[in-house]
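**Student:**
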Amino acid sequence: MATVADLRYGQRGIIKSFSESDFPVKLMELGCLPGNSVELLRIAPLNDPIYINLSGSHLAIRRSLAQLIELEIIEETQPK
């Protein structure tokens, strides 16, 4: 299954589950819950952190944490 860390610029997905049971509660409080949408906005110069749009909120999260968020990709990016 794809994770948030696998997204390319502009790709969107729907959160399905978390691969670890001790996922940070703070992210859940910010809306990182199954059923919510995620879009990759930017990647920092050294590839970490990544910036996402999580149901209207912009967040920066570590790549290692993004790999724990499993999702279903719903929108492919268009080639430029």
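Last residue of the sequence shown: 81 (the numbering used here), numbering continuous.
Heads up, the beta-carbon is just placed ideally off N, CA and C, and yes, glycines get one too.
All of these numbers come straight from a predicted model, not from anything done at the bench.
Measure how close the beta-carbons of ALA3 and LEU72 come, nearest whole angstrom, since I'm counting them as under 8 Å.
**Tutor:** That pair is a contact at about 6 Å.
**Student:** Could you give the DSSP three-state label for SER94: helix, strand or coil?
**Tutor:** Examination of residue 94 is not possible in this model, given that the chain is present from 2 through 81 alone.
**Student:** Mark GLU21 as exposed unless 16 or more other C-beta atoms lie within 10 angstroms of its C-beta, in which case mark it buried.
**Tutor:** So GLU21 counts as exposed.
**Student:** Have a look at GLU30, PRO35, LEU41 and flag the residue whose alpha-carbon is nearest the alpha-carbon of ARG64.
**Tutor:** Of the listed residues, the one whose Cα sits closest to ARG64 is LEU41.
**Student:** Determine the direct distance from the alpha carbon of ILE53 to that of ALA61, and round the result to whole angstroms.
**Tutor:** Their backbone Cα atoms lie some 6 Å apart in a straight line.
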